[in-house]
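S.K.: Our numbering puts the sequence shown at residues 1 to 358.
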Amino acid sequence: MPDFVSNEEIVLAARKNLIQGTWDYLVGGSESETTLRRNRQAFDKVAFRPRILVDVSKIDTSTTFLGQSMRIPAMLAPVGSLQVFTPAGGVAAATAAVEFGTQHCVSSVTEPAWEDTAAAGTKFFQLYVRGDDAWLKDSVERIAAAGYQALAITVDTAIYSRRERPMLNRWNPPTRAGTANAGRNHLAELTWDKLDMIKSWWGDKPLMVKGVATAEDAELCVRHGVEVVWVSNHGGRQLDHGLGSIDVLPEIVAAVNGRADVIVDGGVQRGSDILKAVALGAKCVAIGRLQAWGLGANGKDGCVRMLEILENEIISAMGLLGVTNIEQLSPKYVCKTDPVMPAHEMSGWTNMPGGRIQ
């Protein structure tokens, strides 16, 4: 395996392996890509408040989420069409998560079959509602039968956005091509009543709602018995001109007030980003683009190496912050500040040729 020392090198390797359409699908956002940039800028607007003279000779980066152990407070997010980054698709991501010691949430619109990814070790499943009530009930029963332990319903895709980078190259992901896109209107019909129906079918296992961006909807999630409020703007790939995920995280944590777990995705590129999210109240983060870059660079092994680099960054930041375990993180370790550089989809790294890769 290539001796990647930084996730910048993994991104560069992925670029060499991926065709232009696939690359644009991965790195781009919707319309002006304002939300995408704000995801990164939001992390840049959070500064650390380190404490000194703390014994940090032993550091524990582990945590648990929904009863599952995690070597670091980061899991692999659901990404559609993972097979365009590596032939093994979701199985590669699941295997990487198991090998490293974290969790993977598989997308319902990635290959191979749902059952195959479950057999590879994935415990969490994300579902797009792409059929009528009968289809939906059958899907929930199939997910349960495959052995998944938690179900995430994505709620921010009622209308498929204008993702203009791949559009300009006339490239469609497999999930948007031909009959694979049939029934997309069912996402536009998703309501709180239908969510209640899904929860009744899913039973007493955890239900996650992915795509929450306001305190008002976080409160509604809790009222409807949701166990996990997933703060997300789809990586800046759906509604443009929204706030960054970390910008809205504190108000959502306050609204939930301990009645459910809160997790977040969007713009995570470094171990320090993960610590900022946890300090602001997230149980863990979910990694999308960085996961796909790892898979694109060197399949399962590239994804494992990406996670190892994140772990090393977390250990370094925790030690310098004066923190020895994840549970110690709290808002007192961070504060607001001004960003120091323009934000874009790769601005977490500063050694990229030209600053970013097209």
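Backbone N, C-alpha and C define an ideal beta-carbon position, used for all residues, glycine too.
(1) How many Å lie between Val129 and Arg305 at the Cα?
(2) Ignore the nearest five residues each way along the sequence and tell me which others in Pro173's own chain have a CB closer than 7 Å to its CB.
(3) What's the call for Arg356, buried or exposed, on a 16-neighbour Cβ count within 10 Å?
(4) Ala188: which of Trp201, Thr157 and Trp171 sits nearest, CA to CA?
(5) With distance defined between alpha-carbon atoms, name the residue in Glu345, Cys303, Ala279 and Trp201 nearest to Leu329.
(6) Determine, using beta carbons only, whether Leu275 and Phe100 come nearer to each other than 8 Å.
(7) How long is the line joining the alpha carbons of Thr179 and Asn185, rounded to whole angstroms?
(8) How far does the beta strand (DSSP E) with Val46 in it reach, from first residue to last?
(9) Starting from Met352, follow the beta strand (DSSP E) in both directions and report where the run begins and ends.
(10) Assuming Gly288 contacts Ala77 under a Cβ cut-off of 8 Å, what Cβ separation, rounded to an integer in Å, is found between them?
(11) Of the choices Asp132, Ser139 and Phe43, whose alpha-carbon is the least far from that of Ser107?
(12) Going straight from the alpha carbon of Ala74 to that of Pro87, what length do you get?
(13) Do Leu18 and the ligand SAH come close, with the Cβ less than 7 Å from some heavy atom?
(14) Please name the residue in Ile263, Leu321, Gln103 and Gln358 whose C-alpha comes closest to that of Ala47.
(15) Give the secondary structure of Gln126 by DSSP, where H, G and I count as helix, E and B as strand, and everything else as coil.
(16) Just checking, does the segment 110-118 make contact with the segment 130-137 on the three C-beta pairs under 8 Å criterion?
M.R.: Per the coordinate set shown:
(1) 33 Å
(2) Tyr25, Gly80, Ser81 and Val84
(3) exposed
(4) Distance check between Ala188 and each of Trp201, Thr157 and Trp171 places Thr157 closest, using alpha-carbon atoms only.
(5) The shortest CA-to-CA distance from Leu329 to any of Glu345, Cys303, Ala279 and Trp201 is the one to Ala279.
(6) Against a cut-off of 8 Å, the Cβ pair of Phe100 and Leu275 comes out as no contact.
(7) Since pLDDT at Thr179 reaches only 44, below the 50 mark, its modelled position is unreliable, and no value is offered.
(8) Run containing Val46: Val46 to Phe48, per the beta strand (DSSP E) assignment.
(9) Counting along the chain, Met352 falls outside any beta strand (DSSP E), and DSSP gives it neither H nor E.
(10) 4 Å
(11) Looking at the Cα atoms, Ser139 is the closest of the given residues.
(12) 24 Å
(13) By its list of ligands, the structure shown contains no ligand whatsoever, and the ligand SAH lies outside what it can speak to.
(14) Of the residues Ile263, Leu321, Gln103 and Gln358, the one whose Cα lies closest to the Cα of Ala47 is Leu321.
(15) strand
(16) no
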